[in-house]
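Using the numbering used here, the letters of the sequence shown correspond one by one to residues 156 to 314. Glycine included, C-beta positions come from ideal geometry on N, C-alpha and C.
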Amino acid sequence: MTTTPPDGTWFDLERVLAHPPARVFQAWLDPATYARWCWGSMGKDVACEIDAREGGAWSAYMAGGETRFGMLGYYIEILPDERLAYTLHWDAPVGYNEGDAVVGDEIVRATLEPHEEGTRLTVRHMGIIADPERVSVREHRRGWEDVLATLERVLGEAG
156 MTTTPPDGTW
166 FDLERVLAHP
176 PARVFQAWLD
186 PATYARWCWG
196 SMGKDVACEI
206 DAREGGAWSA
216 YMAGGETRFG
226 MLGYYIEILP
236 DERLAYTLHW
246 DAPVGYNEGD
256 AVVGDEIVRA
266 TLEPHEEGTR
276 LTVRHMGIIA
286 DPERVSVREH
296 RRGWEDVLAT
306 LERVLGEAG
């Protein structure tokens, strides 16, 4: 999948995880495992549904008091233990989608490469609204840092 998004609407984030690519990849597609890390440290009472095939739908909803926060989309590409790409639609207030705003889906691509310490994971998040007055790439990056730290913790707990 080759995509060149406009400047200011995407970022890459890289992490080396002490687990083999197959294990890291499975953490993205197993609903019970994904529910434990997909919302990062703020994830509480998360319910996930995953149809792990290209074109299959996924969703992750979290209880948030009187409001449910969700994210959902469709898988664009699934290359086992190598790459996963999906659309991301927010069913939650993230700043730029509030009120009458109509925003397109974002795209997330996770690339896994074998590394001497386990797996080099690169996450590319594309399609973020380039509006400095609203949620920006900086806030999304901060969220992903928390999410990936949670993924690392969950993988460590699993053995």
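| query | result |
| --- | --- |
| Per DSSP, L267 forms a beta bridge with which residues? | L276 |
| In the DSSP assignment, the alpha helix (DSSP H) including W192 goes from what residue to what residue? | P186 to W192 |
| State the beta-bridge partners of F166 as determined by DSSP. | H280 |
| I'd like the span of the beta strand (DSSP E) that includes D246, first residue to last. | R238 to D246 |
| Helix, strand or coil, according to DSSP, for S291 in the structure here? | coil |
| Buried or exposed: P176, going by 16 or more other Cβ atoms within 10 Å of its Cβ? | buried |
| Measuring alpha carbon to alpha carbon, tell me which residue in L239, G298 and P269 is nearest E209. | L239 |
| Could you tell me whether the Cβ atoms of H280 and V171 are closer together than 8 Å? | no |
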